[in-house]
Amino acid sequence: MRRFLINQAKGLVDHSRRQHHKSPSFLSPQSRPLASLVSLSRFFSSTSEMSASDSTSSLPVTLDSINPKVLKCEYAVRGEIVNIAQKLQEDLKANKDAYPFDEIIYCNIGNPQSLGQLPIRFFREVLALCDHASLLDESETHGLFSIDSIDRAWKILDQIPGRATGAYSHSQGIKGLRDVIAAGIEARDGFPADPNDIFLTDGASPAVHMMMQLLLSSEKDGILCPIPQYPLYSASIALHGGSLVPYYLDEATGWGLEISDLKKQLEEARSKGIAVRALVVINPGNPTGQVLAEENQRDIVNFCKQEGLVLLADEVYQENVYVPDKKFHSFKKVARSLGYGEKDISLVSFQSVSKGYYGECGKRGGYMEVTGFTSDVREQIYKMASVNLCSNISGQILASLVMSPPKPGDDSYDSYMAERDGILSSMAKRAKTLEDALNSLEGVTCNRAEGAMYLFPRISLPQKAIEAAEAEKTAPDAFYCKRLLNATGVVVVPGSGFGQVPGTWHFRCTILPQEDKIPAIVNRLTEFHKSFMDEFRN
Amino acid sequence: MEMSLKALDYESLNENVKNCQYAVRGELYLRASELQKEGKKIIFTNVGNPHALGQKPLTFPRQVVALCQAPFLLDDPNIGMIFPADAIARAKHYLSLTSGGLGAYSDSRGLPGVRKEVAEFIERRDGYPSDPELIFLTDGASKGVMQILNCVIRSQKDGILVPVPQYPLYSATISLLGGTLVPYYLEESENWGLDVNNLRQSVAQARSQGITVRAMVIINPGNPTGQCLSEANLREILRFCCDERLVLLGDEVYQQNIYQDERPFISSKKVLMDMRAPISKEVQLISFHTVSKGYWGECGQRGGYFEMTNIPPRTVEEIYKVASIALSPNVSAQIFMGLMVSPPKPGDISHDQFVRESKGILESLRRRARMMTDGFNSCKNVVCNFTEGAMYSFPQIKLPSKAIEAAKQAGKVPDVFYCLKLLEATGISTVPGSGFGQKEGVFHLRTTILPAEEEMPEIMDSFKKFNDEFMSQYGDNFGYSRM
Chain A
548 MRRFLINQAK
558 GLVDHSRRQH
568 HKSPSFLSPQ
578 SRPLASLVSL
588 SRFFSSTSEM
598 SASDSTSSLP
608 VTLDSINPKV
618 LKCEYAVRGE
628 IVNIAQKLQE
638 DLKANKDAYP
648 FDEIIYCNIG
658 NPQSLGQLPI
668 RFFREVLALC
678 DHASLLDESE
688 THGLFSIDSI
698 DRAWKILDQI
708 PGRATGAYSH
718 SQGIKGLRDV
728 IAAGIEARDG
738 FPADPNDIFL
748 TDGASPAVHM
758 MMQLLLSSEK
768 DGILCPIPQY
778 PLYSASIALH
788 GGSLVPYYLD
798 EATGWGLEIS
808 DLKKQLEEAR
818 SKGIAVRALV
828 VINPGNPTGQ
838 VLAEENQRDI
848 VNFCKQEGLV
858 LLADEVYQEN
868 VYVPDKKFHS
878 FKKVARSLGY
888 GEKDISLVSF
898 QSVSKGYYGE
908 CGKRGGYMEV
918 TGFTSDVREQ
928 IYKMASVNLC
938 SNISGQILAS
948 LVMSPPKPGD
958 DSYDSYMAER
968 DGILSSMAKR
978 AKTLEDALNS
988 LEGVTCNRAE
998 GAMYLFPRIS
1008 LPQKAIEAAE
1018 AEKTAPDAFY
1028 CKRLLNATGV
1038 VVVPGSGFGQ
1048 VPGTWHFRCT
1058 ILPQEDKIPA
1068 IVNRLTEFHK
1078 SFMDEFRN
Chain B
117 MEMSLKALDY
127 ESLNENVKNC
137 QYAVRGELYL
147 RASELQKEGK
157 KIIFTNVGNP
167 HALGQKPLTF
177 PRQVVALCQA
187 PFLLDDPNIG
197 MIFPADAIAR
207 AKHYLSLTSG
217 GLGAYSDSRG
227 LPGVRKEVAE
237 FIERRDGYPS
247 DPELIFLTDG
257 ASKGVMQILN
267 CVIRSQKDGI
277 LVPVPQYPLY
287 SATISLLGGT
297 LVPYYLEESE
307 NWGLDVNNLR
317 QSVAQARSQG
327 ITVRAMVIIN
337 PGNPTGQCLS
347 EANLREILRF
357 CCDERLVLLG
367 DEVYQQNIYQ
377 DERPFISSKK
387 VLMDMRAPIS
397 KEVQLISFHT
407 VSKGYWGECG
417 QRGGYFEMTN
427 IPPRTVEEIY
437 KVASIALSPN
447 VSAQIFMGLM
457 VSPPKPGDIS
467 HDQFVRESKG
477 ILESLRRRAR
487 MMTDGFNSCK
497 NVVCNFTEGA
507 MYSFPQIKLP
517 SKAIEAAKQA
527 GKVPDVFYCL
537 KLLEATGIST
547 VPGSGFGQKE
557 GVFHLRTTIL
567 PAEEEMPEIM
577 DSFKKFNDEF
587 MSQYGDNFGY
597 SRM
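Taken in order, these protein sequences are the chains called A and B. To convert, take the position in the first sequence, counting from 1, and add 547; that gives this note's numbering. To convert, take the position in the second sequence, counting from 1, and add 116; that gives this note's numbering.
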């Protein structure tokens, strides 16, 4: 049995070896499902007994017989390197002295509160009161909670039938909360928003899935995606059986988006018989961090209008802008400013409670605002939303708070602003510090993080390093990242997880460790890189 | 040509989306919502949503989660005045299991500490060990069902055995994923019993049409039917799945809702383990549970889990991979799940209150199950099996031919016609049986047993009055009498 499995595993390794120099599978939709190297390492270390059913059998849920779309999709943010890190972390507990570092620092995922960022107090006060409404009847509550949080909790509870925060709500989310969100969108953009266009979801990701489900009927349906991209897009396109049509962001011009390149990719896809249905734009960008210039946004909107594409605008980092020369403008605002209304352009905007200065990843709150489509299509979206009944109520409440935070004059306003500004200015500072550190490394260039939460440096790997990677049957950037992890305890994600121009190597690192940890990270990274280059320099 | 159609034009939408139906929030519900906006009093009995009908949340879990939401409260010296010590301790416990509180993504499978508590609960319940690594927490059980079906369904050629009547999550999801639903009929006259011969017949028929049957769904206790499967029945089903190489999907979300004593809940996993090797090591089983039902009724939290039995490690990894794309289930709900599987113990400060609240809810549900069943059965043209478990009543309404004709004229399926009239006359919002599946020419409606106990008699009277009038209007010429 074991020999059979080892031979199977060898087959996978040989296959993946042939594959790894090509672009990742999400960029070549015709490629065969590839069992990632992730499975391999976990497989050999697995302690659970292999049942007979893993051999060639007709059992429904074996690797040979599960949905190939599941096998095909990949998600590097929580992939192989994270598993290695977790094992190291376990081992570190027992063998502190065996490593040149005393903790693992997870810079692979935009998860601020796991790295010490505190939640916004006002938001949590309101959520706690809504969770346990009988607190509002206790006199002691007034000593423990701010006045405006109590007020807001009452307001919110009044909008929930029976004040029942434990009940399934309307499948688009509680109406009163959608009203608040729509008002928040209007205040932000200067153009009206309709609460009926809003679908509250468990984070922005399920909303993206819903749109992919709606748009993709087969591999003949394509979605234009930026490369590099946040791999939710490639994964969900694969899961829903569509084709990813890549357009490359230009690293040399700060990850700029050229309409001519969009057009080229669109036409090429069409010539291959692919019906391109939508364009994904992530603004501010992930992993690239660029904030689009308004003019660029206008060109994109016009392009979508001309080509009949749905514009899928991932705007979850709208509150994360760190440079004075750039500003966030929502695509809806840009479209409306151009005079495009409901009948002119189909636009879906995604927002989340996970990012910004609030960083509430674990709450799973978010929404999509869907405009420019007919009511029969809206009914279909509603129907899809209704199969899952509704998103979690606490997350819905938080989404409404994020879109209508304390205002001047509110009791909590000053402390809220202090918290918010503190977090954002610290992020800007950390982004700059890390960017400078990376740029000082030999063979490394790093565009500035204008927004979002990441740096995406490019490393010129010497040929020796590339060969060493090959010998270990690993992609060169993954090889670098693993070495980095083992030397410093810092976890980053190889660029191949996001897509990159073939032959270039990157990694994505978050800017989220607390300020006091940054110097140590910079030192360790600098030391590691020097010794890596010493080892592999041509 | 494609170019002239915009991407989100109705014609160019994914057909699977257009084909899927989910009646629980379909036509009747939408009409009820319209009427409510116009000012009519509506009693929503279309969905198992206890808190929406006045059931209060249990106090202890809400205290714990509120403290987890606002951990700065734990530092306040006065906190002991409004929160009991065990709630404070438990909040600290759960916060220590997270890596950054409620606001940080957890492990994509859920917090390891909570999964351990779930495993311990399963072990206590069944008497067999449970591995936390094979337990994944999800944003509600529905998400878990969708994830698993997504693994199993490769194409339209893949069939999933689903009971009829069924909870339409299954039909909708199979439709969305482009698979084929293979129905097996439950026997209404045998208390919605499951006959293995029906199963065999369904499978044979499907295979003759070129369908590969890959999985079987059981809902135990049943939804909408409420029946609790016997141990013997479960053994038959497991044997059947073994012989036919099917993965068994055990929807056990109503395991706390049992209203008779002859057939207590017994989990599919326990029965499988009791059957011993080789079958206990062969049958692939996925079991689902939730915080939405039972006596907790915390639907809005979106908390659930599934446990995998005999699933190969590499498959588990693929399921993990897909789970990781969604990053993590919401952390508040994970804490609710932890609290549900490890509630206050005897001796804990909050224990008595917890038991009082839980018992109160369960005993009332039992009474309401009886009231509703009896109320329906007192109508001449209505036959209603007793609600042995879950939260629903699924009476069969015998519709006279004049009514069926009138429905046809109105362009409606007969039970939809009946339910719309019921809604307009009484404000009672139900779900027509056609939303769950039923035998040809047989009509039902599903209502919940959740309206407040004090309101039950009035609701049943309201129904009877409407039914009398309906039967008078559409009944046979020799008149309708309830006698």
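Using N, Cα and C, we set each Cβ at its ideal position, and we do this for glycine too.
Going by Cα to Cα distance, which pick from the options is closest to residue i?
i       : options                        : result
A/L747  : A/L639, A/S765, A/D726         : A/D726
B/F452  : B/Y210, B/Y145, B/L566         : B/Y210
A/R817  : A/A840, A/A799, A/V792         : A/V792
B/V399  : B/L174, B/L362, B/G155         : B/L362
A/E1074 : A/G1044, A/P1060, A/L1032      : A/L1032
A/A754  : A/G913, A/Y653, A/E989, A/D923 : A/G913
A/L724  : A/G709, A/L981, A/F738, A/P742 : A/P742
B/Y301  : B/P548, B/P281, B/P337         : B/P281
B/V230  : B/Y244, B/E249, B/R240, B/R241 : B/E249
A/P1049 : A/D1063, A/A1022, A/Y715       : A/A1022
B/I238  : B/P177, B/F176, B/M389, B/L310 : B/M389
B/D247  : B/I427, B/P459, B/P567, B/L265 : B/I427
A/V1040 : A/D611, A/G626, A/T980         : A/G626
B/I275  : B/L189, B/E303, B/L310, B/E360 : Correcting the residue identity first, residue 275 of chain B is Gly in this sequence and not Ile. It is B/E360 whose Cα lies nearest to the Cα of B/G275.
A/S996  : A/K976, A/S987, A/S1007        : The question names Ser, but residue 996 of chain A in the sequence shown is Ala. It is A/K976.
Report the CB separation of residue i from residue j in whole angstroms; it is logged as a contact under 8 Å.
i      : j      : result
A/L771 : A/A825 : 7 Å
B/T296 : B/Q272 : 6 Å
A/R967 : B/A186 : Between B/A186 and A/R967 the Cβ distance is about 18 Å, and since that is not below 8 Å, they are no contact.
B/P340 : B/Y411 : Going by Cβ atoms, the distance from B/P340 to B/Y411 rounds to 20 Å, so no, they are not a contact pair.
B/S258 : A/N935 : 5 Å
B/S287 : B/N132 : Not confirmed; about 12 Å, so no contact.
A/K902 : A/N867 : 6 Å
B/V92  : B/D367 : Absent from the structure is residue 92 of chain B, since the part of chain B shown begins at 117 and ends at 599.
B/V387 : B/R355 : Between B/R355 and B/V387 the Cβ distance is about 10 Å, and since that is not below 8 Å, they are no contact.
A/L796 : A/P775 : 7 Å
- Message: What are the residues in the stretch 945-961 of chain A lying within 9 Å of chain B by C-beta distance?
- Response: For chain B, none of the residues of the stretch 945-961 of chain A brings a beta carbon within less than 9 Å of one of its beta carbons.
- Task: Assess, as a yes-or-no matter, whether the stretch 1025-1042 of chain A is touched by the stretch 756-774 of chain A under the definition of 3 or more beta carbon pairs within less than 8 Å.
- Result: No: fewer than three Cβ pairs fall under 8 Å.
- Going along the stretch 858-880 of chain A in order, which residues come within less than 7 Å of chain B, judged by CB to CB distance? From the stretch 858-880 of chain A, no residue has a Cβ closer than 7 Å to chain B.
- If you pair each beta-carbon of the stretch 773-785 of chain A with each one of the stretch 471-490 of chain B, do three or more pairs fall below 8 Å? Short answer: they don't touch.
- Message: Quick check on the DSSP output: what are the complete alpha helix (DSSP H) runs of length 4 or more inside the stretch 186-219 of chain B, in order along the chain?
- Response: The alpha helix (DSSP H) runs lying completely inside the stretch 186-219 of chain B and spanning 4 residues or more are 195-198, 201-213, given in chain order.
- Task: Note down, one range per segment and in chain order, each alpha helix (DSSP H) of at least 4 residues found wholly within the stretch 704-746 of chain A.
- Result: Complete alpha helix (DSSP H) runs here, min 4: 722-736.
- Query: Which runs of the alpha helix (DSSP H) spanning at least 4 residues fall entirely within the stretch 863-930 of chain A, listed in chain order?
  - Reply: Entirely contained in the stretch 863-930 of chain A, the alpha helix (DSSP H) runs reaching 4 residues are, in chain order, 878-884.
- Message: So if I threshold CB-CB distances at 8 Å, which residues from the stretch 470-481 of chain B count as touching chain A?
- Response: Per Cβ criterion, the list is empty.
- Message: With three or more beta-carbon pairs closer than 8 Å as the criterion, would you say the stretch 362-373 of chain B touches the stretch 135-150 of chain B?
- Response: The stretch 362-373 of chain B and the stretch 135-150 of chain B do not touch, with fewer than 3 CB-CB distances between them shorter than 8 Å.
- Message: Tell me which residues of the stretch 806-825 of chain A have at least one Cβ-Cβ distance to chain B shorter than 7 Å, keeping chain order.
- Response: The stretch 806-825 of chain A vs chain B, Cβ under 7 Å: A822, R824, A825.
- Using a Cβ-Cβ cut-off of less than 7 Å, list which residues of the stretch 163-190 of chain B approach chain A; keep chain order. Under the 7 Å Cβ criterion, the stretch 163-190 of chain B contributes V163, N165, H167, A168, G170, P173, R178, Q179, V181, A182, Q185, A186, F188, L189.
- Message: Output needed in chain order: residues of the stretch 1029-1061 of chain A with a Cβ under 8 Å from some Cβ in chain B.
- Response: Those would be none; no residue qualifies.
- Contact between the stretch 917-926 of chain A and the stretch 889-904 of chain A (3+ Cβ pairs under 8 Å): For the pair of segments examined, the stretch 917-926 of chain A was found to touch the stretch 889-904 of chain A: the number of CB pairs separated by less than 8 Å reaches three.
- Quick check: the stretch 649-669 of chain A against the stretch 216-226 of chain B, are there 3 or more CB pairs under 8 Å? Yes, since at least three Cβ pairs between the stretch 649-669 of chain A and the stretch 216-226 of chain B fall closer than 8 Å, the two stretches touch.
- Task: Can you give me, in chain order, the residues of the stretch 415-435 of chain B that have a beta carbon less than 9 Å from any beta carbon in chain A?
- Result: Result list: C415, G416, Q417, R418, G419, M424, N426, I427, P428, P429, R430, T431, V432, E433, E434, I435.
- Item | Segment contact, 8 Å Cβ cut-off, at least three pairs: the stretch 825-838 of chain A with the stretch 873-884 of chain A | Segments in contact, yes.
- Query: At a Cβ cut of 9 Å, what residues of the stretch 527-552 of chain B count as close to chain A, listed as they run along the chain?
  - Reply: If the cut-off is 9 Å between Cβ atoms, the stretch 527-552 of chain B has nothing near chain A.
- Message: Any contact between the stretch 265-279 of chain B and the stretch 520-534 of chain B? By contact I mean 3 or more CB pairs, one from each, below 8 Å.
- Response: At 8 Å Cβ cutoff, the stretches do not touch.
- Query: Touching or not, the stretch 167-179 of chain B and the stretch 548-563 of chain B, by the rule of three or more beta carbon pairs under 8 Å?
  - Reply: Judged by Cβ distances under 8 Å, the stretch 167-179 of chain B makes no contact with the stretch 548-563 of chain B, as fewer than three pairs qualify.
- Complete beta strand (DSSP E) runs within the stretch 392-458 of chain B (minimum length 3 residues, chain order): If only uninterrupted beta strand (DSSP E) runs of at least 3 residues are considered, those enclosed by the stretch 392-458 of chain B are 401-406, 420-425.
- Task: Report the residues of the stretch 920-935 of chain A with a CB closer than 8 Å to any CB of chain B, ordered along the chain.
- Result: Cβ proximity to chain B below 8 Å picks out F920, T921, D923, V924, Q927, K930, M931, S933, V934, N935 from the stretch 920-935 of chain A.
- Message: Count Cβ pairs between the stretch 647-662 of chain A and the stretch 1050-1065 of chain A that sit closer than 8 Å; are there 3 or more?
- Response: Output reads yes: the stretch 1050-1065 of chain A touches the stretch 647-662 of chain A.
- Task: Would you check if the stretch 939-949 of chain A and the stretch 147-162 of chain B touch, i.e. whether three or more CB-CB distances between them fall below 8 Å?
- Result: The stretch 147-162 of chain B, when compared against the stretch 939-949 of chain A, does not touch it at the 8 Å Cβ threshold.
- Determine, using beta-carbon pairs with one atom in the stretch 710-721 of chain A and one in the stretch 682-695 of chain A, whether at least three such pairs fall under 8 Å. The stretch 710-721 of chain A is not in contact with the stretch 682-695 of chain A.
- Which parts of the stretch 1001-1069 of chain A are runs of the alpha helix (DSSP H), unbroken and 4 residues or longer, counting only runs that do not cross its ends? Listed in chain order, the complete alpha helix (DSSP H) runs (minimum 4 residues) inside the stretch 1001-1069 of chain A are 1010-1018, 1023-1035.
- Segment contact flag, the stretch 956-964 of chain A with the stretch 692-709 of chain A, C-beta cutoff 8 Å, min 3 pairs: Yes: at least three Cβ pairs fall under 8 Å.
- Minimum length 3: unbroken beta strand (DSSP E) runs contained in the stretch 295-336 of chain B: You should have 296-301, 328-335.
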